[in-house]
């Protein structure tokens, strides 16, 4: 059952990913991005990373994508009728991406098999780690979020004379 | 740092005056001029004092002052002079003062000009007075930046091209030499690494560097420094640079700064890398013949008097190289003497040429003519300087060149290397090249400039006034003094060159004279 | 059917990463480019979670937590900049962003 | 949990928040006061970092936070560098303030937050911490670059920086993923312990991490953003990127290379050497035809990344010491140059070289400062840049890397050409418009300070070299 789910989730995730890249309308792309990330959350569940699966849906689907859609609506972008892809051609880009994929995949295939016993990413386990061992980066992240907030507010407030 | 040390004073005085000039309002041009002249005069006096107080009978460095600077590299502020450098300090003082005096023709942005001039003098002083390899190099580069700006702002003709070309050539050459110096520093074992020249010389005396290391490092220094001295084929910057430079810059550069390459070869490369120097001597001989013969031939075709002087200075450099390449005591001593003599002579020639240019607005030989009539004084001096340039007895160049030729004549290095029986073949060629070609182009130019009918437009030119005559007379006086009484310098130079040659002969037995 | 192992997850992650990269290089719309960048970051997330499970410790999952947080901040800032540019230029096409050239 | 290890960072961050809060209460015309407050505060923190209680061994030096954090002499060296740099950039921003539309207070605060991030990078000892610290710097960078919302160029630069920066982050993260995957840890010490057994995935991961750091350092082939961003961003921000952000990239590189990868030195020396050579060549050759001064400095910044990498490639304590000295020299030099540029930002139509023509007649001080800065960048004595290059070349000649020496030599000579081109314009050419350019006194003071620093470091190299070498000695054992 789990294996079948893996195949389903990963193929669906990749397909939605392809549609993000190929989508003619940014709204379509954004919606497929949500879908893709949703399937990834499914994969997280399969990997027993429950906390992250929830976070993935809450933060990405709930916040990031809403932000994207909001911006797209705000800008009132129409479907692109003009050239959709960059000038230097799809061939080069695909070649680079393909080569990278090939290289990475060959490295991955050569990796030794893992034998450690699996861990479960429950909220409790994650929370304990975050507030003990990872306290410092956690606090730094709060500064980072403050920076982002200040920046966004300053960048998008009305222009003053 | 000992601020009463005379060498520190000679280096810092021009810098202090330059800093002082920065605070004088730019509009007070007279104050600026006199302050700058005062600064260069004090420097010159200090240079003369250093020469006079120098005790010729003592070997080793005098007026030494050492302050640690960068411990990690064993680099220190280390000043001191021996017979070679004290002569060049004297030269810098005299030429610097003369250059400040002749700069009355600078009519715009005087403040900047004099600040740069004083920095140049300080740099030149520093490079001869320093005994730390880093500072020797550092001061040369310090003196080089003003050259670029001065040619660009106050130059004439193709000044932009000239300034760019000269700066790029010289910087590239200096950089190659720097790599050589760094390699030299690193060739020592890690625990004795030092940039201190005295320590290096001491160390090299007891532990010569490996022959292959010397073979590798010496060409970096030879070609790097050679570019700075306009060694053929890296000489093309010189005529165009001097052709377009303002008078004072040409005087200081051709007279003093250019000697840096030779000085560093004699001071650093020869005693530290004698085997390398011997290995590369064959090539150096070919190139220096290029300097003497080829540059002389090119000089003959020049239409512009400053270009001609530029090529003639390239040719004169050949003689110094000949002295270095001879590996003989007398040859090396002569080389140092030629360095001094040429420094004074080049300054005098460029100064006079500058005066003519300021009066006539042209340096084209064909447009000038009969200048001896309106400009009796300047014309006469020009002719005398020309005589000095072609090596007539009575002027400083003569004893120097003769000594170089004697040295070259007996040089065993070439006899061993090239298989010549008694007389080494470069010598007659050099004599022929130096005297005949030099005489031809210089006399022909002088005839065209000074004699013959005076064109109408030049008949009303004003001769130099009493004040303007001071620098010319000063330089000519030195030229004649040394020409008549070379002992004054030679006795000072001898102990230092003897030391270098002894070190070289010990390291490379093939070059020692069979007595 | 072959049992699913670490490798499978990694291959999926690699494909996702390359897909995102292709998107970044292909697309002209800055917003879509930005979405493709999100795909790339998420590819790392997947690989990290997979590694975390098979390495037997939670450090990888913690890392993912931080990546998600940082990515959210980055998206917010990025969109603010893109909106500001759109207000000025009326375009989000990256190859029209070329007022600075030699 | 030992917060005293974070003293300086907490103080800096607190200062930034203080400025942010005061911004709400300070009337618009007094906003510049906030900039001075920030600069003074940062300098106070700098002075504090010299207090024995901070420097003396024991409670503020050492490592902590489960090995994620290390406070050693090198960390302190870089933190001081960041503090000085940011303080000077703040003063520069005050002079630039009339260009900043409103919100000058936030601008100052963001600079200080960025500084906090940089200070964090100096102590990083864990890949997770590396990621978080680096992002703190990067995100504040995005905002600052795009700050001038009314200028199209600033926004375009912001978008470019954003997209390429996010791309490099993606590579960095993917690289860390593989490192974690093959070693099961993210701490440098753990990675170093397991490096022998982990094979290709680890190498791949490290290569990807290098790509992420290369973006910060602006070395080839991660340099695509540099010219546009340097040209488009507000001048103080460009200065901030060119000095602080680049130094942050280098401190992280050093931490990774010597913290985690000490045992595979021969491999990375090759990679770093190649990148160094390419950066020197590309940066210098591409800078030659540039006519825009900011853009030219952008390309020159690529070449300087190359020179710095040359020192890293030497990979001994001398080379690293040279890199540390170089960064300080480069900091003051760049700040000097960008102070001139920001003084001119309101006066000249744009940064084309033609507009600099005859600057020496319109403002001798600005022209002199620019000349000092360019001479230092070109490596001409007595400027600091010369001694920095001298140290770098000594390091690589010492390693007998002749190929790199030759490339470096070509770079030095070529660079002279284009730097002199600007000097030429300022001094030789006639100005397009006449009329003296007045410089406000804080900018004047900044010019004098940076010029004095550039020349002072170049002449009295002793103390600076000693600090740099002492710091390097803690890294390279």
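Residue numbers (our numbering), protein chains in the order written: chain A, 64 to 224; chain B, 498 to 1012; chain C, -10 to 91; chain D, 121 to 597. Think of the CB as a built atom: it goes at the ideal place given N, C-alpha and C, for glycine as much as any other residue.
At least one CB of chain A lies nearer than 8 Å to the CB of residue 57 of chain C. Cβ-Cβ distances below 7 Å link residue 20 of chain C to 71 and 81 in the same chain, with the five nearest sequence neighbours on each side left out; the list follows chain order. In this structure, residue 793 of chain B and residue 838 of chain B do not form a Cβ contact; the two beta carbons are roughly 18 Å apart against a cut-off of 8 Å. The Cβ atoms of residue 676 of chain B and residue 660 of chain B lie no closer than 8 Å to each other. The three-state reading of DSSP puts residue 839 of chain B in helix, counting H, G and I together.
Rounded to the nearest whole angstrom, the C-alpha separation of residue 864 of chain B and residue 740 of chain B is 16 Å. Taking 8 Å as the CB threshold, residue 33 of chain C stays off the interface with chain A. Runs of the alpha helix (DSSP H) lying entirely within the region 224 to 248 of chain D and spanning at least 4 residues, in chain order: 224 to 242.
By the C-beta density criterion, residue 555 of chain B is exposed, having fewer than 16 other C-beta atoms within 10 angstroms.
Contacts between residue 26 of chain C and chain A, judged by CB atoms closer than 9 Å, are missing: the closest CB pair is about 11 Å apart. Taking the Cα of residue 452 of chain D as reference, the smallest distance to any Cα among D:592, D:188 and D:494 is reached at D:494. Fewer than three Cβ pairs drawn from the region 723 to 741 of chain B and the region 573 to 584 of chain B lie within less than 8 Å of each other, which leaves the two stretches out of contact. Membership of residue 923 of chain B in the alpha helix (DSSP H) is indicated by the continuous run 923 to 928. For residue 762 of chain B, the closest alpha carbon among the candidates B:744, B:719 and B:895 is that of B:719.
Closer than 8 Å to the CB of residue 748 of chain B there is not a single CB belonging to chain D. Listed in chain order, the positions of the region 319 to 346 of chain D with a beta carbon within less than 8 Å of a beta carbon of chain A are 319, 320, 321 and 324. One thing to note: residue 867 of chain B has its Cβ within 8 Å of the Cβ of residue 951 of chain B. Contact between residue 210 of chain A and residue 438 of chain D is ruled out by a C-beta separation of about 38 Å, above the 8 Å threshold. Among the CB atoms of chain D, none fall inside 8 Å of the CB of residue 190 of chain A. In this structure, B:591 is the residue among B:563, B:504, B:591 and B:926 with its C-alpha nearest to the C-alpha of residue 843 of chain B.
The beta carbon of residue 532 of chain B lies closer than 8 Å to those of 514, 517, 518, 521 and 611 in the same chain, with the five residues before and after it left out.
A straight-line Cα-Cα distance of about 17 Å links residue 29 of chain C and residue 299 of chain D. In this structure, the beta-carbon distance from residue 625 of chain B to residue 678 of chain B does not fall below 8 Å.
Residue pairing by DSSP puts residue 182 of chain D in a beta bridge opposite D:191. The three-state secondary structure of residue 554 of chain B, taken from DSSP, is coil.
In the same chain as residue 245 of chain D, and ignoring 5 residues on each side of it, the C-beta atoms closer than 8 Å to its own belong to 183, 187, 188, 189, 190, 307, 308, 309, 375 and 379, in chain order. DSSP, read as helix, strand or coil, puts residue 102 of chain A in helix.
Taking C-beta atoms under 8 Å as the contact rule, residue 960 of chain B and residue 873 of chain B qualify, at a distance of about 6 Å. Within chain A, not a single residue places a beta-carbon under 9 Å from that of residue 308 of chain D; the smallest gap is close to 14 Å. For a Cβ distance threshold of 8 Å, residue set 38, 41, 42, 50 and 53 of chain C lies close to residue 112 of chain A, ordered along the chain. Contact with chain B is found for residue 548 of chain D, since one of that chain's Cβ atoms lies less than 8 Å from the residue's Cβ.
By the beta-carbon neighbour count (other beta carbons within 10 angstroms, threshold 16), residue 852 of chain B is buried. Residue-level contact by beta carbon fails for residue 135 of chain A and chain D, as no gap is shorter than 8 Å. Comparing alpha carbon positions, the residue from D:224, D:236, D:406 and D:582 closest to residue 267 of chain D is D:224.
Within the same chain, 714 and 769 come within 7 Å of residue 681 of chain B by CB-CB distance, once the 5 residues on both sides are set aside. Using a CB distance cut-off of 8 Å, residue 502 of chain D counts as an interface residue toward chain B.
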